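Asks: In terms of the numbering used here, the sequence shown is residues 63 to 627.
Even glycine gets a Cβ: it sits at the ideal position worked out from N, Cα and C.
None of the values given here were measured: they were computed from a predicted structure.
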Amino acid sequence: MLRAAPRQDLYLRQFHPNGLAGARPRPRSREASRSSMQSSYDYIVVGSGSSGSVVAARLSEDPSCTVLLLEAGGSDKSLKVVMPALGQSTMYGDPSFDWRVTAEPDWTRVGQKDYMPKGKLLGGTSSINAMCFLRGSAEDFDAWAALGNRGWDYASVLPYFRRLETYEVGESQARGASGPQPVGALRSRHPMSDIFVKACVNHGAPFLDDVNGGSYEGVGFAQVSQRRGQRFSAARSFLWPASKRPNLRIQLNSLAQRVLFEGRKAVGVEVIRNNRPESVLARKGIVLSSGVFGTPQILMLSGIGPAEMLRQHGIDVLIDAPGVGQNLQDHAGTRHVAWVDIKTFNMIRGPFQKLMAGLEWLVYGTGPASSPMTQAVLAKKLDSGDDRSRFSVLFTPGGYELHAGGTRFLDKPAVTAIINVHRPHSSGHVELRSSDCRDQLKIQPNLFGDERDVATLMKGHRAIREVFDTEPLRSHVLGEYRPGVAIRSDDELGAYIKETAKGIFHTAGTARMGSVVDDRLRVNGVAGLFVADASVMPFVVSSNLNATCMMIGERLAEWLASGAR
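#1: Going by DSSP in three states, R65 sits in which element: helix, strand or coil?
#2: On the CB-based measure, 16 or more other CB atoms within 10 Å of its CB, does L622 come out buried or exposed?
#3: Grouping DSSP H, G and I as helix and E and B as strand, with all else coil, what is M612?
#4: Pull up the distance between the alpha-carbon of G365 and that of Q388, whole angstroms please.
#5: Does DSSP classify R584 as helix, strand or coil?
#6: Do you know offhand how far G460's Cα is from R397's?
#7: Using 8 Å as the threshold, is the C-beta distance between V333 and V321 below it?
#8: Quick check: the Cα distance between A441 and A589, rounded to an integer number of angstroms?
#9: In the stretch 125-171, which residue ranges form an unbroken beta strand (DSSP E) of at least 3 residues, counting only runs that do not cross its ends?
#10: When we look at the beta-carbon of L361 and count the other beta-carbons within 10 Å, is it buried (16 or more) or exposed?
#11: Let's test the definition: count the other Cβ atoms within 10 Å of the Cβ of S97 and tell me whether it reaches 16, buried, or not, exposed.
#12: If you measure between the beta carbons of Y222 and M575, is that distance less than 8 Å?
#13: Per DSSP, which residues does K260 bridge with? Please list them.
#14: Mapping the DSSP letters down to three states, classify Y278 as helix, strand or coil.
#15: Pick out whichever of G275, T228 and G511 has its Cα sitting closest to the Cα of A236.
#16: Please classify A208: is it buried, with 16 or more other beta-carbons within 10 angstroms of its beta-carbon, or exposed?
#17: What runs of the beta strand (DSSP E), each 3 residues or longer, lie entirely inside the stretch 195-231?
#18: Based on Cα-Cα distance, which residue from S605, V439, Y462 and A369 lies nearest to R411?
#19: Taking 8 Å as the threshold (C-beta atoms), are Y543 and V399 in contact?
#20: According to DSSP, is M599 helix, strand or coil?
#21: Less than 8 Å between the beta carbons of D176 and A165, yes or no?
#22: Just curious, the beta strand (DSSP E) that P339 is in, first and last residue?
#23: Can you check whether the CB of F283 is closer than 8 Å to the CB of L248?
#24: Of the residues V477, L444 and F471, which one's Cα is nearest the Cα of F457?
#25: Using a Cβ distance threshold of 8 Å, determine whether the stretch 111-119 contacts the stretch 346-353, with at least three qualifying pairs required.
#26: Could you spell out the range, first to last residue, of the alpha helix (DSSP H) harbouring K327?
#27: Counting only runs that start and end within the stretch 341-403, where is the beta strand (DSSP E) found for 3 or more residues in a row?
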């Protein structure tokens with residue numbers, strides 16, 4: 063029996079030059095000439111990523127509130143954005159989509175220089191990420207609140223997680239069913255993912271029916287920010303429906319240089335467009351949502367940061383804020399890769415195979431082209447006496463190498479388990495390279511500044527080796543590619559970890575709540591300036607960051623709409 067194809071006209075609406083009748087609105091460019099540009103708004107939001115898209119869309123729900131959204135990158139109108147399989151494999155390292163951020167040598171890892179993809183288009187990194195929609199653990203947010211950040215415990219943030227999503231299974235106490243962001247299960251689960259999950263359960267891990275149900279201890283299948291097999295970035299979910307509102311202006315290719323102040327009140331933003339500076343004013347407030355690197359850079363260029371460093375770059379000090387740029391965290395991860403006897407995603411290589419995968423995605427919204435890399439997740443606590451002694455695993459039914467030039471797939475069937483430090487002890491920092499906003503920051507990840515994180519990864523590797531030696535996975539493993547069977551002792555495994563570990567692109571914390579901003583996300587020491595993005599996290603949550611960043615945007619938007627200043 064032939065199955066009816068779900069409508070994929072969203073694909074046609076996006077790329078057909080004439081669109082379709084009743085097509086969902088795309089964001090208008092609104093790149094008006096200088097002479098016709100409005101000079102002031104109620105709010106200016108700087109950055110259209112996971113948080114900024116939410117803030118701008120929610121504020122513009124009030125027709126009396128005018129909102130300007132500034133995005134330094136360009137349009138998200140690309141097949142590479144909407145087709146999941148083209149995300150990491152083609153956009154990472156492409157300067158049209160990616161800022162191609164590179165860190166300084168990290169001498170806690172024998173001088174490695176990390177490449178860090180960051181989205182350079184509408185939707186920010188939510189337009190190029192792996193689409194894993196994971197909230198992390200309830201314990202993460204309770205720990206934020208325990209640090210003195212009132213109202214950030216899990217019970218307080220849960221309503222905002224529920225508000226932003228439409229979970230395909232339906233509404234429950236933990237899940238929402240009427241929000242702009244679609245969330246659901248993988249459309250096409252690879253058999254190796256089921257085999258991995260069964261092996262984890264047989265090894266003793268609890269099975270999680272819903273990895274976003276509050277508990278994040280156990281193993282389960284990833285959930286994704288997709289609908290009908292297509293990526294739904296924060297921009298597509300929140301900004302596309304809002305784009306026809308006359309009170310919302312979306313301005314692309316506009317790089318924020320600094321915040322303008324009258325005394326200590328933020329009143330505007332200086333922007334570079336077409337290589338020329340322009341100024342635009344805000345009557346009620348300015349929200350920085352430029353991410354873990356962009357936000358501290360704008361703060362420092364605006365005179366808010368470590369005073370000595372600002373003076374070194376000729377920047378007048380408005381607020382001596384030594385916490386700006388500090389507390390950089392990421393999940394340090396290393397790979398366990400095994401050869402297997404089942405064809406995996408990296409073996410879809412020839413033109414005909416790729417064509418067939420593309421056609422299945424186009425017609426049905428299923429198949430390999432609908433799948434992100436990560437299909438299953440495992441989270442495990444190692445030491446009952448140390449709440450931060452945890453690791454997690456992102457499982458991919460494919461073998462690959464990531465680098466600044468893109469993705470290289472292995473030439474034999476393989477599976478990859480990225481083992482990462484769940485709650486790192488280590489932290490790094492960022493600092494200005496110059497007073498030019500076009501220059502990247504100096505980024506020092508310091509991933510293994512605390513040796514306890516190395517110890518966590520060593521235990522994680524040993525645990526995963528046991529999982530791979532557990533049925534039913536054991537019967538399908540043909541050999542270990544990385545770390546390799548020769549690496550056994552603590553010294554050998556520790557050396558492998560330090561030589562190969564990288565941040566897995568979950569950077570957070572550089573404008574930390576409780577230091578740079580208060581628990582209502584107001585920048586300390588000034589008025590009218592707010593931050594909503596991963597930089598405000600007191601410490602990185604124990605999962606991918608997209609869902610948490612959207613929740614942060616929901617919270618700030620509600621506070622601003624209720625009159626917070």
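Replies: Put simply:
#1: Translated into the one-based positions of the sequence shown, residue 65 becomes position 3. Confidence at R65 is low in this model, with a pLDDT of 33, below 50, so the placement of that residue should be treated as unreliable; the coordinate-derived value is given next. Correct three-state label for R65: coil.
#2: On the sequence shown, position 560 is the one that residue 622 refers to. Result: buried.
#3: As a working mapping, residue 612 is identified with position 550 in the sequence shown. In this structure, M612 counts as helix in the three-state DSSP scheme.
#4: Position 303 of the sequence shown holds residue 365. Position 326 of the sequence shown holds residue 388. Cα to Cα, G365 sits roughly 16 Å from Q388.
#5: Along the sequence shown, one-based indexing puts residue 584 at 522. R584: strand per DSSP, three-state reduction.
#6: What you label residue 460 is simply residue 398 of the sequence shown in a count that begins at 1. What you label residue 397 is simply residue 335 of the sequence shown in a count that begins at 1. So the alpha carbons of these two residues sit roughly 12 Å apart.
#7: The residue given as residue 333 occupies position 271 in the sequence shown. The residue given as residue 321 occupies position 259 in the sequence shown. The answer is no: Cβ separation not under 8 Å.
#8: Within the sequence shown, residue 441 is the residue found at index 379, counting from 1. Within the sequence shown, residue 589 is the residue found at index 527, counting from 1. Approximately 41 Å, taken between the alpha carbons.
#9: Listed in chain order, the beta strand (DSSP E) elements of length 3 or more contained wholly in the stretch 125-171 are 129-132.
#10: Taking the first residue of the sequence shown as 1, we reach residue 361 at position 299. Counting Cβ neighbours within 10 Å, L361 comes out buried, since at least 16 surround it.
#11: On the sequence shown, position 35 is the one that residue 97 refers to. Annotation note: pLDDT 35 at S97 (below 50); position unreliable, coordinate value reported separately. Burial call: exposed.
#12: By one-based count along the sequence shown, residue 222 stands at place 160. By one-based count along the sequence shown, residue 575 stands at place 513. No.
#13: Here residue 260 refers to the residue found at position 198 when the sequence shown is read from its first residue. In DSSP, K260 forms no bridge with anything.
#14: Taking the sequence shown and counting its residues from 1, one reaches residue 278 at position 216. If DSSP states are grouped into helix, strand and coil, Y278 belongs with coil.
#15: Against the sequence shown, residue 236 aligns to sequence position 174. When only C-alpha atoms are compared, the closest one is G275.
#16: Reading the sequence shown from its first residue, position 146 is the one you call residue 208. So A208 counts as exposed.
#17: 227-229
#18: If you number the sequence shown from 1, residue 411 lands on position 349. Nearest of S605, V439, Y462 and A369 to R411, Cα basis: Y462.
#19: Here residue 399 refers to the residue found at position 337 when the sequence shown is read from its first residue. Here residue 543 refers to the residue found at position 481 when the sequence shown is read from its first residue. Yes, the Cβ-Cβ distance between V399 and Y543 is below 8 Å.
#20: Reading the sequence shown from its first residue, position 537 is the one you call residue 599. Reduced to three states, the DSSP call for M599 is coil.
#21: The count along the sequence shown starts at 1 and reaches residue 176 at position 114. The count along the sequence shown starts at 1 and reaches residue 165 at position 103. Yes; because the gap between Cβ atoms is below 8 Å, this pair is in contact.
#22: Locating residue 339 in the sequence shown gives position 277, counting from the first residue. Start and end: R338 to L350.
#23: Looking up residue 248 in the sequence shown gives position 186. Looking up residue 283 in the sequence shown gives position 221. Yes.
#24: Walking along the sequence shown from the start, residue 457 turns up at place 395. Out of V477, L444 and F471, V477 has the C-alpha closest to the C-alpha of F457.
#25: yes
#26: As a working note, residue 327 is residue 265 in the sequence shown. That residue, K327, is in no alpha helix (DSSP H); its beta strand (DSSP E) goes K327 to R335.
#27: 394-402
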